[in-house]
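**Q** Take this structure first; my questions come after.
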Amino acid sequence: MSDRLPSEESQIKFLKILCCPDCYNSLSEDNECKSCLKVYPEYGGVVAPISDTILQKEIKHTFILKKTLKDKIKNNIPMPDERVWSPKAKKLIKRILIEKNPDSPNTYVVNMGSGVESFYKKIFSSFKSLIRIGIPHSGYVNAYGDAMALPLKSDSVDLFISSSVIEHLSNPEKAVSELFRTIKPGGLVYAEIPFIGAYHMAPNDYQRYTISGIEALFSRHGFFLENKGICSGPVTALVLLIQHAIVEAMPIGSVQFLLRVILTWVFHPLKYLDYFFSRLKWGEYLACNFFYLGRKPA
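Structure follows, in structure tokens:
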């Protein structure tokens, strides 16, 4: 499941804020909670401090599955990112990573997921101490973790980054409350959530949010709005919907994959029109994704 293990720098930082997701006490070197004595397993050298037994079984099952030749071929075919980020979103992400530098000694920056999109790979590559937690389909993490029961100490994180994760959570309210618990007073959360998009990653695709809906979600749990806007615009949404409809109309999996590769490359240049349309107010009515930046009160 992991392409490689995390860097030594990020692992050292991660272990300082790792805790039992049930009682929030520290774990021993053997991944045993020092308070409730629950022991958490490891898969490929990566700890999985997860309370949900069903989720634990899913991780174990996925980890032991060996990639087929077909999977290996798919993973080695170059593909552009599915989305194109708006200039405003790009600028904001770069700014907050400068403000909350992951490599600063006492700063803890956590990415919920593995950050496998080439956009994030490029940005994150500058930092050795960025912590990753989640249940990725590829890439690597410091720990397999449940966003609705984070294995992180309270008031420990300076910046949490979440890209297209919340729509896949059965209880987003619980997940945002966990973000609030783990972020330091004065700390930031940056989240990207889809608005218009096809059903995907079945069966774990639960919701979409308007730009005001995202703000309300985080506000209910104590965050103050710092910034919000279009992350990926209306042309991206339209292109992905058309592409999805054409691909899903094909009955054979291998044909679907080949068609997806072709259409992705053919349609991708159109998405750059969003550099213009994402600046317009009506772009919010048809946007693919929105971003939200919130701050926990100091």
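So for the sequence shown, UniProt numbering puts the first residue at 1; every next one is plus one.
We put the CB at the ideal spot given by N, CA and C, even for glycine.
Source: prediction; values computed, not measured.
#1: By the three-class DSSP mapping on this structure, what secondary structure does Val-116 have?
#2: Grab me the residues of Leu-286's own chain with a C-beta within less than 7 Å of its C-beta, minus the 5 sequence neighbours each way, in chain order.
#3: In chain order, what residues of the same chain lie with their CB nearer than 6 Å to the CB of Ala-149, ignoring the 5 residues before and after it?
#4: Helix, strand or coil, according to DSSP, for Ile-183 in the structure here?
#5: Out of Trp-85, Ile-73, Glu-99, which one is the CA nearest neighbour of Lys-107?
#6: When the Cα atoms are used, what is the spatial distance from Ser-126 to Asn-142?
#7: What number of angstroms, rounded off, separates the C-alpha of Ser-7 from the C-alpha of Ser-129?
#8: Specify the secondary structure class of Pro-172 as computed by DSSP and reduced to three states.
#9: Quick check on this structure: which residue in His-61, Cys-23, Tyr-292 has the alpha carbon closest to the alpha carbon of Ser-163?
#10: Taking the alpha-carbon positions, what's the Ser-219 to Ser-170 distance?
#11: Would you kindly check if the distance between the Cβ of Pro-194 and the Cβ of Asn-289 is under 8 Å?
#12: Name the residue from Lys-74, Cys-23, Glu-192 whose alpha carbon lies nearest to the alpha carbon of Gly-213.
**A** If we stick to the structure as given:
#1: In the structure shown, Val-116 sits in coil (DSSP, three-state: anything other than H, G, I, E or B).
#2: Ile-196, Pro-234, Ala-237
#3: Pro-21, Ser-51
#4: strand
#5: Here residue 107 is Thr; the residue named in the question, Lys, does not match the sequence. Checked all of Trp-85, Ile-73, Glu-99; the closest Cα to Thr-107 is Glu-99.
#6: 17 Å
#7: 7 Å
#8: helix
#9: Tyr-292
#10: Near 19 Å, if we compare the C-alpha coordinates of Ser-170 and Ser-219.
#11: yes
#12: Glu-192
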